[in-house]
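Novice: In the working numbering, the protein residues as written are -13 to 171. For reference, the structure I am asking about is given below.
This is the structure we're talking about:
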């Protein structure tokens, strides 16, 4: 997956974030003990982002997000800690959308209309760590970071689920039932 992306990316800044996230995560395509890693990358409003997610998938299809590595190039970086905070928050929110959040309908009506019935990630669902490396190209103008961190997260997690279990899913959330149904065998 990393080599494939690098073969098809001509933009130097984009290549750099992909190379750096692969390096920082110790990228490996092999999986062990139902663990897998997935990579995804994007350029969103001139902010370059690459992420690697590591997950563990149980035989029942339950997905546990273990770690996320992210490298972001938002151009000239005015406040690196603020960038890290925004990106980390975007990753966590997107992980919740990817693994938990879903509107349930019955007879054309939304069934989970309150916080007590709407599935959302809690502290127990948070990954052990989210590592964000800010490597802004200081010759480029500053760009936004409020949304770019959330963009590649679902794809990185879905690719990691595939690496860990063989289940290729293309819609979220990646619930236990959906993952189990998609698992080969």
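Beta carbons are placed, not taken as given, at the ideal position from N, Cα and C, and that holds for glycine.
Closer than 6 Å by C-beta to residue 145: which residues in its own chain qualify, once you throw out the five before and the five after it? Chain order, please.
Specialist: 24
Novice: Just to confirm the assignment, what range does the alpha helix (DSSP H) spanning residue 210 have?
Specialist: Since the first residue shown for the chain is -13 and the last is 171, residue 210 is missing from the structure and cannot be characterised.
Novice: Check whether the region 52 to 59 touches the region 4 to 24, counting contact only when three or more Cβ pairs, one atom from each stretch, lie closer than 8 Å.
Specialist: yes
Novice: With a floor of 3 residues, list each beta strand (DSSP E) that falls wholly inside the region -1 to 27, ordered by position along the chain.
Specialist: none
Novice: Figure out for me which residue from 101, -13, -7 has the closest Cα to the Cα of residue 39.
Specialist: -13
Novice: Please confirm if the region 13 to 23 is in contact with the region 121 to 131, defined as three or more CB-CB distances below 8 Å between the two stretches.
Specialist: Taking 8 Å as the limit for Cβ pairs, the verdict is that the region 121 to 131 does not touch the region 13 to 23.
Novice: Got a sec, what are the start and stop residues for the beta strand (DSSP E) residue 115 sits in?
Specialist: 115 to 120
Novice: If I'm right that residue 27 touches residue -9 with Cβ under 8 Å, what's the distance once you round it to whole angstroms?
Specialist: 6 Å
Novice: Could you have a look at residue 83 and say whether DSSP puts it in helix, strand or coil?
Specialist: helix
Novice: In three-state DSSP terms, what is residue 156?
Specialist: coil
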